[in-house]
Structures are given as structure tokens and as C-alpha cells.
Amino acid sequence: MPEQTSKTPAAPATQVTIVCRLRPKELRRGPAPTAGEIELDNVSPSVIEIEYDRHPLQYLNLVVTDPTGAILSAWHYGNLFSPLGSSHTLRLSPGEKFTAPVGLLGNVPEERRTPGWYTVVAVYKYKTLQVISQPLQVQLPT
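Take the sequence shown: its position 51, counting from 1, is numbered 99 in the numbering used here, and each next residue is one higher.
See the structure below:
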């Protein structure tokens, strides 16, 4: 009798389509600790289309934590944008990037912003797409 082997099907490989980068942004008037920039980079071989009715960043959340790891973000960052009244599409060709300014502590209430170090992580989630940036350290001076 032939030997039977049971093979479990391999999980499909997760294909990276977009890379999300978060970085500080130097302003014309000089450095500002809470000024940042988000970049969405299409690293796939296909066109990526993101429909939006407020702003392409309506799907962005910034998760801000203090040195103890406590989350200080009080609302979804994308909720800062107002409805446009119609739908639009952000279309990224292979190798194309979308870059926009962000307030690194934009979803942290003023009363929770004290001098010290913060960690900010960008999470961009659209339908089944979810990409997360590397953590960015931000310091509010005294």
C-alpha cells in the first residue's frame, strides 16, 4: 500500500504593496518638533487605487505613546479631515509615492502634551491593505 503523507497547504505569501514612512519635517522657519511627513510608496508591480471622500489620509492613524508605552492618541487621525462632497481616487503607479504633511501629535489633546519623548507610529488601513511605519521618536522641549 502506498504511503500517504498529509501536507498542509502553504499559506499564501503576503505581498508588500505599499511602504509607509513617517519622518520629521523641517519647516521654512526652522525645526518644529511636531511637524512630520507621511510617505506612501507603491513598491508593487501594479497600480494601486485608494478611493476617498475627505482626504487620502482619512485612512491614516497615528499611534502616539509616552515613554511608559501608554497610548496618548485620543482619536483616529483621519477624522481631522472634512468631507469633500464627492469621491476621489488616489492612483499610485508602480514606484510612485504620495507624500503629505502630518502633525505628529495631531490626535493628542493639548493637555496630554508635556515636555519629553514620544513614539509615533503611522498605521494606514484601507480595505484589506494595512501598512505600518517604523516608530519615530519625537521630543517636546521644556
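A virtual CB, placed ideally from N, CA and C, is assigned to each residue, including glycine.
Residue j beta carbon less than 8 Å from that of residue i
i: A122; j: V156; result: yes
i: E87; j: K73; result: no
i: T113; j: N90; result: no
i: Y166; j: V186; result: yes
i: Y174; j: G154; result: no
Three-state secondary structure (DSSP) of residue i
i: G151; result: strand
i: R139; result: strand
i: G126; result: helix
In DSSP terms, what residue i is bridged to
i: E87; result: R69 and T147
i: V156; result: Bridge partners of V156: none, in fact.
i: V112; result: V168
i: K173; result: Q178
i: Y100; result: H136
i: P79; result: E74
Span separating the alpha-carbon of residue i from that of residue j
i: Y100; j: P142; result: 20 Å
i: L108; j: S181; result: 11 Å
i: R77; j: P149; result: 15 Å
i: L120; j: L188; result: 14 Å
i: L128; j: P93; result: 32 Å
i: T116; j: G164; result: 12 Å
i: V67; j: V95; result: 14 Å
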